[in-house]
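Using our numbering, the first residue of the sequence shown is number 791, and each one after it goes up by one. Below you'll find the structure, written out as structure tokens, and then a few comments.
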Amino acid sequence: MPGRSAEVPAGARRTGILGGSFDPPHVGHVSVARDLIEALRLDRLLVIPARDPPHCEVALPAEVRLDLTRRAFAGLPGIEVSPMEMERAGPSYTVDTLEALARRLPSDRLVLAMGADQFAAIHRWERWRRLPELARIAVIPRDGREPAPSPESMPIEYVVASVTRVDISASRIRQRLEEGQSVHLLIPETIRHHVERAWAGRRACPDRTPTRTT
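Following this line, the structure appears as structure tokens:
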């Protein structure tokens, strides 16, 4: 049954998964990742940038986003950035990633973290019914409201992971970069200049089209 607690069963190493396009990574990503470790009592959290996100366009190349994500999370205890989706051809379907992790880490308890907006649309994900078989689903609430699955995905089990919400979006950052505005305090200072340089390189190549998969 749906739960209000972020507890997951004990006994095995608890490995969290936080995916996304990270286009670019920002302070909200870092804050949520840190909080997830405590909220879900994880032994470690795998941050996995998508190579080809199936449901959105990306502005920065895959290898640039991977490099920026590694820099953004460098040195943070309990957090590892995995290139596994970057190394796999084709759309970056979460179900494929979980199946690969289940094979690599057969004794781990996998916990898949996602935002409430993603959870509401989970019935549109590739082979979504397989997801709760492979991992415990942890949903991050939005605006203080209890997350809820869509009628199309009922019944589905999940736990709630209450974290500090940081009102920052990658789309807002991209817009500011495009308009030449500062992204100070929106991007971790350790990567801000790298992000600005990457965006400047992108703007210097106007014929580059965003990656899109459907």
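Cβ coordinates follow ideal geometry from the N, Cα and C atoms, glycine included.
In this structure, DSSP gives Gly818 a helical state, which the three-state scheme calls helix. Contact between the region 876 to 883 and the region 893 to 907 is absent: fewer than 3 CB-CB pairs across the two stretches fall below 8 Å. Distances from the alpha-carbon of Ala823 to those of Thr859, Ser940 and Asp886 put Thr859 closest. Residue environment for Ser972: exposed (fewer than 16 other C-beta atoms within 10 angstroms of its C-beta). Here Ala903 is bridged, per DSSP, to Leu808 and Ala928. Only residues of its own chain outside the window of five on either side were considered, and among them Val956, Ile958, Leu975, Leu976, Ile977 and Pro978 have a CB closer than 8 Å to the CB of Val817, listed in chain order.
Counting along the chain, Arg834 sits inside the beta strand (DSSP E) bounded by residues Arg834 to Pro839. In the DSSP annotation of this structure, the continuous segment of the beta strand (DSSP E) that includes Val871 starts and ends at Ile869 to Val871. For the 8 Å CB-CB criterion, Ala938 and Ala903 do not form a contact.
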